[in-house]
Structures are given as C-alpha cells and as structure tokens.
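Visitor:
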Amino acid sequence: MATKIMIDAGHGGYDNGAVHNGRTEKADNLNLALALGDALAERGFDVEYTRTTDVYDSPTRKAQIANEAGADYLISLHRNSSPTPNQYGGVQTLVYTDSGVQGELARAVNSELEKLGFRNINVDERKDLAVLRRSRMPAILIETGFINNDYDNYLFDYNFEKIAEGIANAVDNTID
Ligand SMILES: [Zn+2]
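For the sequence shown, our numbering assigns the number 131 to the initial residue and increments by one for each residue that follows.
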C-alpha cells in the first residue's frame, strides 16, 4: 500500500492567516498544497488534503481529518509573518517534538528550500499548535518564507514549482 500523505493548507475561509498588501497566506498555502500534492502523487504517494477550496476548519479539526483518514504523515503548509515588513526572512519547519522521522523530515525540507535561496532558520519544537499536537502520525508544519518579506515572496512566486518539487523530494528521500 502506498504511503498516505495528508496535506493541510493552513487557514481558509474567514481565516486569511497572515496578510500583506492584499496577499493572503490562506491562498498561498492552498496553491502550494495542490502543487505539492501533484508532485507527491508523481512520486507514488497516496495524497489527501484537508481542504482543496477556500473553506475554514479549525487546526484541531484538521488533525482529526488526518487521524480519520489513517494518514501516515501530515504536512501542514503555512507562511510566516513579522511585525514589520522585511524584518525577517527564511524558512522554518515546526514539529511537536524534534525527534525521529518527523525531525529528519523537517530538516530535509529546510535543506531543500535552502537550495532554492531561502534562509534556513531552523527546525523548532512547538507545543501550542493543535494541528501538530492532536495528530497521531509524524507531522511537520512548514513556514514557507515570510509573507511580508519581498525577497521571500519573489522566491515563492518564481520558484513555485521547484518549492513543491523540493518538499516532495525531501519526503521521498526521508520516508522509506
Ligand atoms: Zn499560518
């Protein structure tokens, strides 16, 4: 049986996530989720999504969707934001605990995205994120650059397909 990857596009519906000059995190997350899903399907993974349209579910509900689907891994896609524009930049991947395969996967994702020009901030443990805390399978949350950083948005838009391919390669190379 193929390994099942649940892809979660962060936010949605009334919840825009971070916003910068009319650009919404929820839309960036969904666009990347769909491209990542295609890239993973091409590599033989069984792909499911918590959403494929602009709808809201709570982070807890998104973890439940992954649990109910019997997903082997959960990848939640987000974008970061700083108090003032262009204050920070780079990619950061969040995990509930930095151990085992989810720690490896998080580092692999950061390395792939660093190759595309993003600053590699780090892998960070976060205990307060329901999508990570409530999911029962290895789970990572990728902050794909800062939405209020011009250089990160340039990378996000012009390397868009390569970002999806890079994350898919990280998954393919890390998961047996
Ligand atoms: Zn977010």
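Ideal placement from N, C-alpha and C gives every residue a C-beta, glycine not left out. Keep in mind the model is a prediction, meaning the values are calculated, not measured.
At which residue ranges does the segment 167 to 228 contain complete beta strand (DSSP E) runs of 3 or more residues, listed in the order of the chain?
Guide: 176 to 179, 203 to 210 and 221 to 225, all fully within the segment 167 to 228.
Visitor: The alpha helix (DSSP H) spanning residue 250 covers which residue range?
Guide: Your numbering for residue 250 matches position 120 in the sequence shown. No alpha helix (DSSP H) contains residue 250, which is instead part of the beta strand (DSSP E) from 250 to 255.
Visitor: Below 7 Å CB to CB, which residues in the same chain sit around residue 298 once its five sequence neighbours on both sides are set aside?
Guide: Here residue 298 refers to the residue found at position 168 of the sequence shown. Here the set comprises 166, 169, 170 and 173.
Visitor: Under a Cβ-count criterion, where at least 16 other Cβ atoms within 10 Å of its own Cβ denotes burial, should residue 132 be classed as buried or exposed?
Guide: For the purposes of this step, residue 132 is taken as residue 2 along the sequence shown, with counting starting at 1. It counts as exposed.
Visitor: Using beta-carbon positions only, say whether residue 222 and residue 252 come within less than 9 Å of one another.
Guide: Taking the first residue of the sequence shown as 1, we reach residue 222 at position 92. Taking the first residue of the sequence shown as 1, we reach residue 252 at position 122. For residue 222 and residue 252, yes; Cβs fall inside 9 Å.
Visitor: Considering only heavy atoms of ligand 1 and the C-beta of each residue, which residues fall inside 5 Å, strictly closer?
Guide: Listed by chain position, these are 140, 147 and 208.
Visitor: Select from 144, 161, 148 and 154 the residue whose C-alpha is nearest the C-alpha of residue 138.
Guide: On the sequence shown, position 8 is the one that residue 138 refers to. Comparing Cα-Cα distances from residue 138 to each of 144, 161, 148 and 154, the minimum goes to 161.
Visitor: Assuming residue 137 is part of the alpha helix (DSSP H), what are its boundary residues?
Guide: Looking up residue 137 in the sequence shown gives position 7. Per DSSP, residue 137 belongs to no alpha helix (DSSP H); it is in the beta strand (DSSP E), 134 to 139.
Visitor: Leaving out five residues on either side along the sequence, give the residues of the same chain with a beta carbon under 8 Å from the beta carbon of residue 219.
Guide: Here residue 219 corresponds to residue number 89 of the sequence shown, with the count starting at 1. Result list for residue 219: 248, 249, 275, 276, 279, 281 and 282, in chain order.
Visitor: By a C-beta neighbour count over all protein chains shown, 10 Å radius and 16 as the cutoff for buried, is residue 140 buried or exposed?
Guide: The count along the sequence shown starts at 1 and reaches residue 140 at position 10. With 16 or more other Cβ atoms within 10 Å, it is buried.
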